Amino acid sequence: GTALLLAGCGSGQIGDTGGGQTDPNNKNLALITGMRGEPFYVSMECAAQQEAAAQGYQLNAQAPEKFEQAEQSQIFGSVVSTRPGAVIIAPTDDKALAAPLQQAKNNGIQVVEVDTALQDRSIAVASLSSDNYAGGKLAAQTLAHLVGGRSGSVLALNTKAGTSTTDERAKGFEEEIAKHPNLRLLPTQYTDNEPATAAQIVSATLAANPDLVGVFGTNLNTGEGAATALANAGRSGQVQLVGFDASPKQVEDLRNGRVQALIAQNPARIGQEGVRRAIAAIKGQPVERETRTEMIAITRDNMDQQSQYFYKSHC
Ligand code: T6T
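If you count by mature numbering (1 follows the signal peptide of the UniProt record, and there is no 0), then the sequence shown holds residues -14 to -1, 1 to 301, one letter each, in order.
Shown next as structure tokens:
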């Protein structure tokens, strides 16, 4: 069967709360995800709202229209001016958000990273995500298994350079594919996190590389676009497609044979635990610095047993 990975909740060091003074009685939290209305973040936000309410906190959830640094920075600025005790954020760029986040921290706002992270590990008090490097390796193992003994080229579709998660997935994927001499890895392509761009790249790759045997979409949008392109070319199921995430459309594509496997994350758990870390940090309690949540490889054969991993498009 297909490789299955359940990376449990990894424990890290206790974070340094540092920064300016936080009022331990502040009951306001903010959550800034990477993109509005996208099922990974919707699932994260629903669970975060539920946890905040259960603990008697207000959660102001915001997101940019697109997965885009400039708009997210603007939202961050306006959220900070409302003085929440903590900002739980999925930074859309691993460098550009560092300065404003450091400044917020200096002003006594606790920073918790969810999913994506900054390169500078000294700013956030806690960081929660899948082990994305391991997820990329799992995707490569799953794809190699699906391709079997055939030889041919393989394509990975990344989103935007500087997105910590998909960069790690692409790296893990590339390193693992290199262990399979029958698979020739084409240069990884960037899609700007646009499904239409992913579809165009896959169409062009099919034309230029008739030996294409596999595609890895490093996230929801790249995978959805790749599925469309393969279906339009009449190549679904011939070119093996492994996606990351489990949106309603991705799950439907798995069921109807447009996608052969999905590496699902647990965004709800990330949202729930993110709120818990934020509240502990506000209260000055010790906080685990790094938390890794589980992932799982889902195929058509096991999908009905794994429906708890499917993402939501509304709460
Ligand atoms: O794959 C998720 C998330 O983990 C990544 O950081 C950005 O893209 C998604 O939100 C899916 O669209």
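For each residue, glycine too, the CB sits at the ideal point set by N, CA and C.
Please read these numbers as outputs of a predicted model, since none were measured by experiment.
DSSP beta-bridge partners of residue i
{"i": "D170", "result": "A small fix is needed here, since residue 170 is Arg in this sequence, not Asp. Paired residue(s): S139."}
{"i": "F202", "result": "A142, V228"}
{"i": "E154", "result": "For E154, which the question treats as bridged, DSSP gives no partner whatsoever."}
{"i": "A250", "result": "I282"}
{"i": "Y27", "result": "None; Y27 has no bridge partner."}
{"i": "I163", "result": "DSSP, once it has assigned bridges, lists no residue as partnering I163."}
{"i": "A47", "result": "L17"}
{"i": "E238", "result": "The partner list for E238 (beta bridge, DSSP) is empty, contrary to what the question assumes."}
{"i": "Q175", "result": "L143"}
{"i": "S222", "result": "V225"}
{"i": "Q96", "result": "A72"}
Any non-hydrogen atom of the ligand T6T within 6 Å of residue i CB
{"i": "F26", "result": "yes"}
{"i": "L124", "result": "no"}
{"i": "T214", "result": "no"}
{"i": "L83", "result": "no"}
{"i": "L240", "result": "no"}
{"i": "D231", "result": "yes"}
{"i": "L206", "result": "yes"}
{"i": "T102", "result": "yes"}
{"i": "T8", "result": "no"}
{"i": "T128", "result": "no"}
{"i": "S177", "result": "The amino acid occupying residue 177 in the given sequence is Thr; Ser does not appear at that position. No, the ligand T6T has no heavy atom inside 6 Å of this Cβ."}
{"i": "T191", "result": "no"}
{"i": "T151", "result": "yes"}
Residue i: CB within 6 Å of a non-hydrogen atom of the ligand GTP
{"i": "T19", "result": "Annotation note on the ligand GTP: not contained in the displayed structure, which lists the ligand T6T as its ligands."}
Buried/exposed call for residue i, threshold 16 Cβ in 10 Å
{"i": "S51", "result": "The question names Ser, yet the displayed sequence has Glu at residue 51. Answer is exposed; the Cβ neighbour count stays below 16."}
{"i": "K123", "result": "buried"}
{"i": "N93", "result": "exposed"}
{"i": "G63", "result": "exposed"}
{"i": "G(-14)", "result": "Since pLDDT at G(-14) reaches only 36, below the 50 mark, its modelled position is unreliable, and no value is offered."}
{"i": "D290", "result": "exposed"}
{"i": "P181", "result": "buried"}
{"i": "G42", "result": "exposed"}
{"i": "A190", "result": "exposed"}
{"i": "P70", "result": "buried"}
{"i": "K91", "result": "buried"}
{"i": "Q55", "result": "buried"}
{"i": "T68", "result": "exposed"}
{"i": "D197", "result": "exposed"}
{"i": "P234", "result": "exposed"}
{"i": "Q60", "result": "exposed"}
{"i": "Q246", "result": "buried"}
{"i": "Q294", "result": "exposed"}
{"i": "Q127", "result": "buried"}
{"i": "F296", "result": "buried"}
Identity of the residue in the options nearest residue i by Cα
{"i": "L45", "options": "E54, S59, T19", "result": "T19"}
{"i": "P10", "options": "L206, N93, M30, A267", "result": "A267"}
{"i": "Q7", "options": "I95, T285, A49", "result": "I95"}
{"i": "A38", "options": "A56, N12, N242, K298", "result": "N12"}
{"i": "A72", "options": "D79, Q36, I109, T78", "result": "I109"}
{"i": "T279", "options": "F202, P196, R255", "result": "R255"}
{"i": "Q48", "options": "A147, E24, E210", "result": "E24"}
{"i": "H300", "options": "L114, R22, R136", "result": "R22"}
{"i": "V140", "options": "L171, A85, Y297", "result": "L171"}
{"i": "S222", "options": "N242, D231, L206, P234", "result": "N242"}
{"i": "T78", "options": "Q292, T149, H166", "result": "T149"}
{"i": "A185", "options": "Q127, A212, T151", "result": "A212"}
{"i": "L206", "options": "V133, D239, E99, S137", "result": "D239"}
{"i": "G200", "options": "T145, A125, V273", "result": "A125"}
{"i": "V188", "options": "A40, A215, D178", "result": "A215"}
{"i": "S137", "options": "T145, Q226, N218", "result": "Q226"}
{"i": "A193", "options": "N179, V228, K81, N218", "result": "N218"}
{"i": "R262", "options": "Q36, Q88, P86, D117", "result": "Q36"}
{"i": "T102", "options": "G135, Q127, T145", "result": "T145"}
{"i": "P253", "options": "I163, E162, D117", "result": "D117"}
{"i": "P86", "options": "Q58, S113, D153, T183", "result": "Q58"}
Which ranges would you report for the alpha helix (DSSP H) in the region 49 to 74 if only whole runs of at least 4 residues count?
Taking only runs of at least 4 residues, the alpha helix (DSSP H) segments lying wholly in the region 49 to 74 are 55 to 66.
Suppose only complete runs of 3+ residues qualify. What are the beta strand (DSSP E) ranges in the region 253 to 298, listed by chain order?
Counting only runs of 3 or more, we get 276 to 279, 282 to 285.
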